[in-house]
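Residue numbers are given in our numbering: position 116 of the sequence shown equals residue 165, and the series is strictly consecutive.
Heads up, the beta-carbon is just placed ideally off N, CA and C, and yes, glycines get one too.
Remember, predicted model here, so these are calculated numbers, not experimental data.
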Amino acid sequence: MRNLLTAFLLTVAALCGGVHPAAGQSAASWKRLTADTVFNYKNELEPVATVNKSASQGGGLERFFLRLLQLFSHGLGSFIFWSAVVGVVVFVVYKVVQNRGNLAFAWKRRNRGVLPAEEEELTGTDWAALMQQAMAADDFALVVRYGYMRLLQLLQERRLIQYRQDKTNVDYLRELESTPFKQQFSQLSRQYEYVYYGKYPVTEAAYGRYIDLFNEVKARITNS
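And the structure:
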């Protein structure tokens, strides 16, 4: 107990600026006292001091990245990290390829204009006659197909649209934004897509409604 008390006092003295033999204390007594195992603090305190020193070096951001690196350096954390990296790389590559494709396609469309063969196909074909033939044969799907082409032909003749084979119905609707028959043309375009691309069957009732709407839009285009 006495040795522990002495050790405590010596430690306090060391922290306050150093330890020296007390007055009247012999060198031999001092040596014997300090050789006691109670004073073996050095080896125990060094690791703590080293950790505190390392922790005090660098800012909070450095410690954060160090812990993050330790987290993702092995096991499940490593798998999650590399999966995220691969996912980001794949996404970036996909967006780059997609944007390049869109830009190239848009550039091609802007610079190609209307090919003579395409315009001749639209304006040089008697879509009205073909539509009548399909009606006589009760081929409702062909009536829808030829009726749609006839409307595009009328719109091209009135210079309300610029026909191209690579255009979509959405493109034509943008060109018809200011016309009073845009909504009706949109309905006919949707029916055309269902029948021509979706291969939906056309019932006699649906066919009758289509013809009524077709004649209404055709009259409005002709009088525009």
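Contacts around residue i, its chain only, beta-carbon distance under 8 Å, and the 5 residues preceding and following it disregarded
i	result
Ser235	Asn218 and Leu222
Glu242	Asn218
Residue i classed as buried or exposed, judged by whether at least 16 other C-beta atoms fall within 10 angstroms
i	result
Val163	Bear in mind that a pLDDT of 39 at Val163, under 50, signals an unreliable position, so the number given afterwards is only what the model happens to contain. With fewer than 16 other Cβ atoms within 10 Å, it is exposed.
Leu203	buried
Gly196	buried
Arg199	buried
Tyr246	exposed
Leu201	buried
Leu237	buried
Cβ neighbours of residue i in the same chain (closer than 7 Å, five flanking residues each side left out)
i	result
Gln233	Leu262, Glu265 and Val266
Met184	Val192
Lys231	Leu222 and Leu225
Thr271	Leu203
Expected contact under 8 Å - CB spacing of residue i and residue j to nearest Å
i	j	result
Val5	Val193	Within the shown structure, residues of the chain are numbered from 50 to 273, placing residue 5 beyond reach of any answer.
Ile210	Glu224	5 Å
Arg269	Pro229	7 Å
Thr172	Gln205	7 Å
Arg207	Ser273	6 Å
Nonlocal neighbours in the same chain, by C-beta distance under 6 Å from residue i, ignoring five residues either side
i	result
Gln181	none
Leu179	Tyr195
Gly136	none
Any chain C beta carbon closer than 7 Å to residue i
i	result
Thr228	Absent from the structure is chain C; it holds one protein chain and no more.
Requested in this report: Ignoring anything shorter than 3 residues or poking outside the region 180-217, list the beta strand (DSSP E) runs there in chain order.
Outcome: none
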